[in-house]
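One structure below.
Chains as they are written, first to last, in my numbering: chain C, 1 to 240; chain F, 1 to 240.
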């Protein structure tokens, strides 16, 4: 990611103004219909000036991901400070991302619609989205480590990444959810977070040991390929 | 889906020519860069004439899905006729879709890139893609019913839909796979199809009964919402 070369107070203010303008416009018009020109105008900055801070709309979306993650972190901090129960911690963190994304629901298809495109820097496996992805995975690391659940080491090593995938699944459901108030998403979080905890208990059964080892080996190898760069065994694709 | 009003031999030939031209152009240029005008030109049909058979590019992609599914069915027919082992049947069917899609790998991101967009008729949960989806799910029904595996009724009722989801996961991996010859995808199919069979065995354990019931209830309710129309609890969204 290209950063603004000069990190002055004035520069930070301009950067923030551009980002705030992009949030407003994404929410009002969606991603596709928002142009860099409209963002610059709304922020009261020249078009060239805005490119100086964000070379493309994709860079603004990556900043948006970071922003959502920071709000998520803030929102779930009290739950993580208070609860030791794994299910409660997991539920708190995933509720936090849904509530944080909620104001953007109407335009979520427009913003998240390109995530399935492996060529897009916005796809969650891309090299460009790696810094935020790593921070989200680290948050799920805290969820696990700070709980009183006894998780075997081999599962513990992969669990944060698997929970990140789970969060993406919940966000996909939320995006499609048209139940009134989207309460269905909250119910699905209740049910799935509890089920995950149950299945983690079951994974300790001797009869499931061999399957568990194979599943973890598979997750490890796929994750190493998929998350090492833009795509499995592909070039890192930095800075696209 | 709007069908050509007159199903004459001549009409069928024109329809096939337009579809074949679209396949060529999608493969050469990708989905976005291919226009209806270029398709009509390649097929030697007027632009108005081509809209008569396919009102939009999305309609051509839905026809493409159907075409892929028919090739898949043909490719896996010998395996399904020969094998009773569930793992072998499952492997054969999923290998068949990957080998069928393989010629389109370079443009798969362009063609499948919009599948995450709930507003797109091409997203796999949409009402428009339902006929093909139902046929794919029915194929997985054959995989299960024709096998010698003893699957409890409650699992058997949901399994075809779950296997369809599994196939979509494999296709997503295949799309991202940049290993030479994409042999990694074939390995992942070997490993996951075998694991699925093992986990189905494990699901019979009394200690897992409660989790199994809860997982199936969740799958059932989510599937009813997500697959009943374009999106959960939303309008059917036909004909978008």
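All C-beta atoms, glycine included, are put in the ideal place defined by N, C-alpha and C.
message: At the level of alpha carbons, what is the spacing between residue 34(C) and residue 112(C)?
response: 14 Å
- prompt: Tell me which same chain residues have a C-beta within less than 6 Å of the C-beta of residue 22(F), skipping the five on either side of it?
  reply: 39, 60
field: Chain-order list of residues whose beta-carbon lies under 6 Å from that of residue 160(F) (same chain, five-residue window excluded)
entry: 137, 140, 141
- request: Verify the CB distance criterion: does residue 207(F) have a CB-CB separation below 8 Å to chain C?
  value: yes
field: Listed by chain order, chain F residues near residue 125(C) by CB distance under 9 Å
entry: 176
field: Per-residue DSSP class, three states only, for residue 151(C)
entry: coil
field: Pick from 55(C), 50(C), 79(C) that is closest to residue 147(C), judged by C-alpha positions
entry: 79(C)
task: Find the residues of chain C that neighbour residue 195(F), judging by a C-beta separation of less than 8 Å, and give them in chain order.
output: 211, 214, 215, 218
message: Checking 8 Å against the spacing of the C-beta atoms, do residue 135(C) and residue 69(C) come in under that value?
response: yes
query: residue 94(F) to residue 102(F), Cα distance in whole Å?
result: 12 Å
task: Closer than 8 Å by C-beta to residue 48(C): which residues in its own chain qualify, once you throw out the five before and the five after it? Chain order, please.
output: none
field: Min CB distance residue 4(C) to chain F below 8 Å
entry: Reliability fails at residue 4(C), whose pLDDT of 48 lies under 50, so the model's placement of it is uncertain and the value that follows must be treated cautiously. For residue 4(C), the answer is no, since every Cβ of chain F falls outside 8 Å of its Cβ.
message: Can you tell me where the alpha helix (DSSP H) holding residue 59(F) begins and where it ends?
response: 57-82
field: Among 45(C), 124(C), 194(C), nearest to residue 87(C) - alpha-carbon criterion
entry: 194(C)
task: Given a cut-off of 8 Å, decide if residue 211(F) and residue 212(C) are closer than it, judged by their beta-carbon atoms.
output: no
- request: Since I believe residue 14(C) is in contact with residue 51(C) (beta carbons under 8 Å), could you give me their beta-carbon distance rounded to a whole number of angstroms?
  value: The pair is not a contact, with the Cβ atoms about 12 Å apart (cut-off 8 Å).
task: If I'm right that residue 62(F) touches residue 121(F) with Cβ under 8 Å, what's the distance once you round it to whole angstroms?
output: 7 Å
Residues that residue 242(C) contacts on chain F, provided the C-beta gap is smaller than 8 Å: Lying outside 1 to 240, the shown extent of chain C, residue 242(C) is not represented and no answer is given.
- prompt: Quick one: is residue 46(C) buried, meaning 16 or more other Cβ sit within 10 Å of its Cβ, or exposed?
  reply: exposed
- prompt: Does the beta carbon of residue 238(C) come closer than 8 Å to any beta carbon on chain F?
  reply: Low confidence applies here, because residue 238(C) scores a pLDDT of 33, under 50, leaving its location unreliable; read the following figure in that light. It does not: the Cβ of residue 238(C) has no partner Cβ on chain F nearer than 8 Å.
Supposed close pair residue 19(C), residue 107(C) - CB separation, criterion 8 Å: About 16 Å separates the two Cβ atoms, so there is no contact after all.
message: Considering Cα atoms alone, identify which of 145(C), 31(C), 184(C), 131(C) is closest to residue 81(C).
response: 145(C)
message: Quick check on this structure: which residue in 220(C), 205(C), 192(C) has the alpha carbon closest to the alpha carbon of residue 90(C)?
response: 192(C)
- request: Measure the Cβ-Cβ separation of residue 9(F) and residue 98(F) and say whether it is below 8 Å.
  value: no
task: Give me the Cβ distance between residue 132(F) and residue 65(F), rounded to the nearest whole Å; I'm assuming they're in contact under 8 Å.
output: 5 Å
- prompt: Residues of chain F with CB under 7 Å from residue 198(C), in chain order?
  reply: 211
query: Using a C-beta to C-beta distance shorter than 8 Å, which residues of chain F count as neighbours of residue 202(C)?
result: 207, 208, 211
task: Identify each residue in the segment 128-140 of chain F for which the Cβ-Cβ distance to at least one residue of chain C is less than 7 Å, and report them in chain order.
output: none
- request: Ignoring anything shorter than 4 residues or poking outside the segment 198-232 of chain C, list the alpha helix (DSSP H) runs there in chain order.
  value: 209-228
query: Tell me which same chain residues have a C-beta within less than 7 Å of the C-beta of residue 2(C), skipping the five on either side of it?
result: Interpretation of residue 2(C) is limited by its pLDDT of 49, a score under 50 that renders its predicted location unreliable; the figure taken from the coordinates is listed afterwards. Cβ neighbours of residue 2(C) beyond the five flanking positions: 55.
query: If you draw a straight line from the C-alpha of residue 165(F) to the C-alpha of residue 16(C), how long is it?
result: 41 Å
message: Output needed for residue 76(C): all residues of its chain with C-beta closer than 6 Å, excluding positions within five of it in sequence on either side, in chain order.
response: 92, 93, 96
- request: Following the continuous alpha helix (DSSP H) through residue 94(C), name the residue where it begins and the one where it ends.
  value: 86-101
message: For residue 224(F), count the other beta carbons within 10 Å of its own beta carbon; 16 or more makes it buried, fewer makes it exposed. Which is it?
response: exposed
- prompt: Is the Cβ-Cβ distance between residue 149(C) and residue 200(C) less than 8 Å?
  reply: yes
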